[in-house]
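Colleague: Oh and the first sequence: position 107 is 228 in this note's numbering, straight run, nothing missing.
In this text, a Cβ means the ideal position worked out from N, Cα and C, and glycines have one as well.
Just so we're clear, the structure is a prediction, and the values are computed from it rather than from any experiment.
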Amino acid sequence: MAGRIVETEAYPPGDLAAHHYGGRTQRNASLFLPAHHAYVYYIYGSSFCFNLSSEDGGVGGGVLVRALEPLLGAELMCARRGSVAARDLCRGPGRLCRALGIDRRFDGIALFGEAPLWLASPDRARRSVGTSRRIGVSRASTRLLRFYERGNRFVSGPRSLSPA
DNA sequence: AAGAAGATTCGCT
DNA sequence: GCGAATCTTCTTA
Numbered sequence: 122m123a124g125r126i127v128e129t130e131a132y133p134p135g136d137l138a139a140h141h142y143g144g145r146t147q148r149n150a151s152l153f154l155p156a157h158h159a160y161v162y163y164i165y166g167s168s169f170c171f172n173l174s175s176e177d178g179g180v181g182g183g184v185l186v187r188a189l190e191p192l193l194g195a196e197l198m199c200a201r202r203g204s205v206a207a208r209d210l211c212r213g214p215g216r217l218c219r220a221l222g223i224d225r226r227f228d229g230i231a232l233f234g235e236a237p238l239w240l241a242s243p244d245r246a247r248r249s250v251g252t253s254r255r256i257g258v259s260r261a262s263t264r265l266l267r268f269y270e271r272g273n274r275f276v277s278g279p280r281s282l283s284p285a
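1. Alpha carbon to alpha carbon, what distance is there between Tyr-162 and Ala-200?
2. Does the region 229-237 come into contact with the region 207-220, if we say contact requires no fewer than three beta-carbon pairs (one atom in each stretch) closer than 8 Å?
3. Under 8 Å by Cβ, that's how I've got Ala-150 and Val-184 pegged, so tell me the actual separation to the nearest angstrom.
4. Could you give the first and the last residue of the continuous alpha helix (DSSP H) run that contains Leu-173?
5. Taking the beta strand (DSSP E) that Pro-214 falls in, what are its first and last residues?
6. Just curious, the beta strand (DSSP E) that Arg-201 is in, first and last residue?
7. Among Ala-159, His-140, Glu-128 and Glu-196, which one has its Cα closest to the Cα of Tyr-239?
Printed below as a string of structure tokens:
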């Protein structure tokens with residue numbers, strides 16, 4: 122399976138809303154790995170969320186992947202997700218993990234090495250990227266740290282600038 | 001050992 | 001749009 126990342130949220134060093142704020146614990150240890158390792162956590166008794174570590178080793182920081190545009194293996198994603206619209210397969214952080222079969226077993230793996238999960242070379246196409254507040258976050262809620270491709274139908278939440 | 005909060009999703013109105 | 005479901009992890013006693 123493959124998908125293009127079309128929506129993310131940043132949780133940089135020192136961010137009050139981040140899981141790494143307050144220091145390293147058993148759960149968030151992967152956020153302190155060097156950039157491009159996986160941090161996967163379970164939330165609300167129902168969903169996994171997939172993040173990339175983003176800083177140097179020992180420094181807490183990460184990026185939540187909130188939505189993918191499915192590129193390959195949509196049939197397998199459907200098999201995992203059940204009967205949902207194609208548009209909803211990977212629209213949302215928990216949904217994309219369900220579609221790809223990502224769970225805590227993936228926590229801590231390097232995303233630049235061999236399978237089972239990795240990042241491909243960057244897509245250098247010119248695209249319009251919008252920003253907004255992060256979704257579902259109560260602390261540091263005014264920071265504009267959500268990034269999404271404008272107009273892309275696979276984005277969860279707002280897909281363009283809100284009026285006023 | 002117990003309690004509270006949480007980077008969500010789904011179904012119903 | 002609103003609220004319940006559901007359980008892991010961390011904090012406090």
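Modeller: Walking through what the data contain:
1. Taking the first sequence and counting its residues from 1, the one referred to as residue 200 is at position 79. Taking the first sequence and counting its residues from 1, the one referred to as residue 162 is at position 41. Approximately 23 Å, taken between the alpha carbons.
2. no
3. As a first step, residue 150 must be located in the first sequence, where it is residue number 29. As a first step, residue 184 must be located in the first sequence, where it is residue number 63. Not quite, the Cβ-Cβ distance comes to about 17 Å (not below 8 Å), so this is no contact.
4. Numbered from its first residue, the first sequence carries residue 173 at position 52. Counting along the chain, Leu-173 falls outside any alpha helix (DSSP H), though it belongs to the beta strand (DSSP E) covering 168-174.
5. Translated into positions along the first sequence, residue 214 becomes position 93. Not the beta strand (DSSP E): Pro-214 falls in the alpha helix (DSSP H), residues 214-221.
6. Here residue 201 is taken as the residue at index 80 of the first sequence, counted from 1. Unbroken run through Arg-201 is the alpha helix (DSSP H), 195-202; no beta strand (DSSP E).
7. For the purposes of this step, residue 239 is identified with residue 118 of the first sequence, where counting begins at 1. The question names Tyr, but residue 239 is Trp in the sequence shown. Of Ala-159, His-140, Glu-128 and Glu-196, the residue nearest in Cα terms is Ala-159.
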